[in-house]
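Protein chains in written order, with my numbering: chain E, 1 to 274; chain P, 1001 to 1530.
As structure tokens, the structure follows; a few thoughts come after it.
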Amino acid sequence: MATAIRGHLLGVFLLLVVLGFWANDAADVPESQVASERLQEDLEALSGGSLSADDVPALAQWMFRDTQQPSERRLRVLSAAVDAKLRHQIRLPARAEEDPLALLALVLEPSFRHQLQSNCPRLPAAISVICDPGEWALFEQSVGRALLELMDRPQDFAAASRVGGNDLSLQAADALCGMDEAGLKLAKRQVKKAKTERGAVLGVLAAGCAGDRTLEPGLLQEWMDHPTSRGIRLAAGLECAARLDCSLPRGQEAPKDAVEALLQFAGQIQEGTP
Amino acid sequence: MNRTLYVWSVVLAFALGVVLTQTPVLNPDALEMGLVGQAYWGANPLGLDLHHYPPVFPLLSVLLTAALSLHGAILMVAPLAFSAVILALCCLMEGKDRWLVGAVLLGVFWSSPELRSLAVSPDPRGLQLAFLYAGIGLVILPFQRFRGVSLGALAGLLVLTRPEGFLFASLLLGVALFQWKKKAAVSIGCFFAVVLPYLGLVSKSVGGVSLNSRAWEIKGSLLLEFLPVRPLIHLWGAGAESTPFREVLRDLGPQNAVPQENLWGALGAAGVELGASLLLVWWAAAAWGAVLIARSSRPLTALLGGTIVVSMALYWVPMGRDLALPLINLLPAVVALHFLAAWGLVDGLSRLRSRNRSGAFAGGAVALMIGLWGLHNGENRALPESFNGASSWMSENLPSEAEVASSLGSAPIVHQSHRRWMRIPSRWERSVEWKSAMNRPDFLVLSSTDGLWMLGPPRLNGLGVTVEPAAFFRDPKGWVLLLEFGKQTGAGQFNESGVVPEELEGLDSLQQLSRELEEGGADKDEAPLH
């Protein structure tokens, strides 16, 4: 018995020593990796065309969003400006000489498109359709339809979605937030005509954009009083909570700020309202 | 002594195999648990919610900091726990041919990507496995001194390790009660002695009787029906960093029912994942092992079967499902299946040995080789190298007092750089919380773990400040983008409505773009004609 105990103690000791050395070594960040920062290098490579935007999608998307970036850089990354998972879900009616991904980016980013349209008709064939109002309207409609369809897709349950994930319906809703008036129109349509309640909720999120978009007076109130959809009431309440100019219903005192409004709203969850 | 030597040889071989071939992953939850452990003893500068995490992992990691750095201590818990699992399983297979048991057990367990990965990734689930299988060993193996007390303590530790520990503890104590009758009262008493003080502390912290420090998550999951998962989790916050929304959820009274998914759909999904978790080559052995155990030991059948059923039942609630890591909450069942496979294979090879000794040893060697092949060639779930690069760069180049915001998933990058971490508030709160420069971080870290969705809609909520890229790191597996908050501009930098950037500088670039597109530079795969 004593021998066995000594054997076990020796085993535990050896295990702790081996794992201790390993853990100590594994916890260190290698010094040699300090030099791997490559922002300028990649920006220059993107500008010079020696690096494909698809090789650095995050940087490309960030550059495209950044209106302070030179237009040339933004043009270079046009085809990769929309997240790959989203753009691969949208079938786009483009001619062979056109670049559907660049056109998709221009649908989702109207301010840059307006800038380019000021140079019509001297645009390359790949994006020249933006100079033809009729054709462009058709293209925009097909993108809009595709986004709304995506917003009606059921979401996948994923407890660890906090570490990423692939919620295309949310990406579609976020895309509408970048689309100015056209995005707002689509979002309102989604609230009215969504096939699922969750699709309608995403419509509300896409309309309000977490307090980012100015909405016509009374619209949020109308949604917060929605007669049948608890989801619409809830999402509209959240949007209201993120706005200083909106107060939640039920005669509560006006909140001092959005966080306080959020607290009021959350307090109503269990009571069945909103 | 021979038996002890044999058992520890297998355990040490397992541990050496995984630590020498697998790259450790410092996962964000485990890192935060280490910080929680430190906060038990001293300051809590991040304001972490100390009762958010059950205490065993934080306490164990902080105990190990006596000899190691915090990161090292956290990393060490994972292989330590898995070694304990192998030790328990080795003991459960006592009486069989030792060489075969060692070779087969190592081969079967090394062949599983999930088990290899978890063996070097700190996660309380590893400890849960260790306590569960040690408890199974106590119930099944012949009389051992103090086993009643030990079983009660292990069952208690299960509850103190993971919220679902209650289910596994009930399974252990239930079978012990069935087996030992009145003698199990010692175990049950000991269980309550371990658990009740903890539950008392939790209940005191949340202001009411509570069995689960994360009951608020169950209440909030009612909202999953309406809201997209990611913003919702963002709203209530991940990890031990509390949010106002979570506080309100916590204050709500008990819910009538836990949200559930379709029972058959959940069981089917769990079954599919479990089916894929075991190499095809082991399935026949697992089936044979199940038949043998069902014939020979009802308690072991009940314990292993119960473990599989309880794990699958977790898929019934939304919190038990995780698309990114579908097996993470099924791990007790995955271990049970691998154990059954090892049992069946050892039995088969033992029968073969009576007729063909060399054939049996060759079989054991093949099993071991399959495991070694898995260790050497299998998928490695290490974090991208760029994450370490970003940490190193930040520790060299950012001011030591800099505050860096990120998601919980990217938090290890910030923590490893020894800079102060802040969570990114939800999209609905950000415009208020970050309005004042005092409350805003100096930097933002986004990584391939998050994607740009973390910032929500493209405009960064019109905060009216410039946000500029400060550094970028990439490797084939991922990327990290460091953004710096700049000066106040009065308008958001990113594509505010109606803000037109500088005039287009000629059309040279457009013509060049056109040429490139004509040359086939762009992806035309999705370009059906009008």
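Ideal placement from N, C-alpha and C gives every residue a C-beta, glycine not left out.
Note that the structure is a prediction, hence the values are computed from the model and not measured.
With H, G and I counted as helix, E and B as strand and the rest as coil, what does DSSP make of residue i?
i                 : result
Glu222 (chain E)  : helix
Val1445 (chain P) : strand
Pro1469 (chain P) : strand
Ala1482 (chain P) : Position check: residue 1482 (chain P) holds Leu in this sequence, whereas Ala was assumed. Leu1482 (chain P) falls in the strand class under three-state DSSP.
Ser1475 (chain P) : The sequence given here places Asp at residue 1475 (chain P); Ser does not occur at that position. If DSSP states are grouped into helix, strand and coil, Asp1475 (chain P) belongs with the strands.
Trp1421 (chain P) : strand
Ala242 (chain E)  : coil
Ala1405 (chain P) : strand
Val1025 (chain P) : coil
Ser36 (chain E)   : helix
Leu1160 (chain P) : coil
Val89 (chain E)   : Rather than Val, the amino acid found at residue 89 (chain E) in this sequence is Gln. Three-state DSSP puts Gln89 (chain E) in coil, outside helix and strand.
Thr214 (chain E)  : coil
Phe64 (chain E)   : helix
Pro124 (chain E)  : coil
Val1019 (chain P) : helix
Lys1204 (chain P) : helix
Asp1347 (chain P) : helix
Arg1098 (chain P) : helix
Gly178 (chain E)  : coil
With 8 angstroms set as the bound, which would you pick, yes or no: does the beta-carbon of residue i sit closer than that to a beta-carbon of chain P?
i                : result
Leu170 (chain E) : yes
Val77 (chain E)  : no
His226 (chain E) : no
Leu184 (chain E) : no
Trp62 (chain E)  : yes
Trp223 (chain E) : no
Asp245 (chain E) : no
Asp42 (chain E)  : yes
Ser50 (chain E)  : no
Can you give the beta carbon distance from residue i to residue j, rounded, assuming they're within the 8 angstroms contact cut?
i                 : j                 : result
Val1175 (chain P) : Val1139 (chain P) : 6 angstroms
Pro1058 (chain P) : Val1036 (chain P) : 4 angstroms
Ile1074 (chain P) : Gly1034 (chain P) : 4 angstroms
Leu1141 (chain P) : Val1010 (chain P) : In fact, because the Cβ distance is near 16 angstroms, the residues do not count as touching under 8 angstroms.
Trp1216 (chain P) : Arg1250 (chain P) : 4 angstroms
Ile1413 (chain P) : Ala1390 (chain P) : 5 angstroms
Leu276 (chain E)  : Leu1481 (chain P) : Chain E is shown from 1 up to 274; residue 276 (chain E) falls before or after that span and cannot be answered.
Leu176 (chain E)  : Ala210 (chain E)  : That belief does not hold up - the Cβ atoms of Leu176 (chain E) and Ala210 (chain E) are roughly 13 angstroms apart, past 8 angstroms.
Do we get a CB-CB distance below 8 angstroms when we pair residue i with the residues of chain E?
i                 : result
Thr1065 (chain P) : no
Ala1302 (chain P) : no
His1415 (chain P) : no
Pro1332 (chain P) : no
Met1537 (chain P) : No information on residue 1537 (chain P) is available, as it lies outside the stretch 1001 to 1530 that chain P covers here.
Ala1341 (chain P) : no
His1071 (chain P) : yes
Pro1441 (chain P) : no
Given that a residue counts as buried once 16 or more other Cβ atoms are within 10 Å of its Cβ, and exposed if not, what is residue i?
i                 : result
Thr214 (chain E)  : exposed
Ala137 (chain E)  : exposed
Asn1329 (chain P) : buried
Gln68 (chain E)   : exposed
Trp1236 (chain P) : buried
Tyr1315 (chain P) : buried
Pro1476 (chain P) : exposed
Glu109 (chain E)  : buried
Asp1322 (chain P) : buried
Pro217 (chain E)  : exposed
Val1500 (chain P) : Its pLDDT being 31, under 50, Val1500 (chain P) is placed unreliably by the model, and nothing is read from it.
Met179 (chain E)  : buried
Pro1425 (chain P) : buried
Phe13 (chain E)   : exposed
Val120 (chain E)  : According to the sequence displayed, residue 120 (chain E) carries Cys and not Val. Label assigned to Cys120 (chain E): exposed.
#### Entry: Contact the segment 50-69 of chain E vs the segment 146-156 of chain E: 3+ CB pairs below 8 angstroms
no
### Task
Report yes or no: do three or more beta-carbon pairs, one from the segment 1132-1147 of chain P and one from the segment 1354-1364 of chain P, lie closer than 8 angstroms?
They do not touch, by the three-pair rule.
#### Entry: Given 8 angstroms, three or more beta-carbon pairs between the segment 186-204 of chain E and the segment 1217-1235 of chain P
yes
### Task
Count the C-beta pairs between the segment 124-144 of chain E and the segment 91-110 of chain E that are closer than 8 angstroms, then say yes if the count reaches three, no if not.
Enough Cβ pairs lie closer than 8 angstroms, so yes.
### Message
Using a Cβ distance threshold of 8 angstroms, determine whether the segment 1262-1271 of chain P contacts the segment 1083-1092 of chain P, with at least three qualifying pairs required.
### Response
no
### Query
Would you call the segment 1336-1346 of chain P and the segment 1279-1295 of chain P touching, i.e. three or more CB-CB distances under 8 angstroms?
yes
### Message
With three or more C-beta pairs closer than 8 angstroms as the rule, is the segment 1435-1451 of chain P touching the segment 4-19 of chain E?
### Response
no
#### Entry: Three-pair Cβ contact test at 8 angstroms for the segment 1179-1193 of chain P versus the segment 1147-1160 of chain P
When C-beta atoms of the segment 1179-1193 of chain P are compared with those of the segment 1147-1160 of chain P, three or more pairs fall below 8 angstroms, so the two segments count as touching.
### Stretch-stretch touch, CB-based, cutoff 8 angstroms, three pairs: the segment 1008-1023 of chain P with the segment 1096-1115 of chain P
yes
### Task
Tell me, please, whether the segment 1414-1421 of chain P touches the segment 1399-1406 of chain P by the rule of three or more beta-carbon pairs shorter than 8 angstroms.
Three or more beta-carbon pairs separated by less than 8 angstroms link the segment 1414-1421 of chain P to the segment 1399-1406 of chain P, which places the two stretches in contact.
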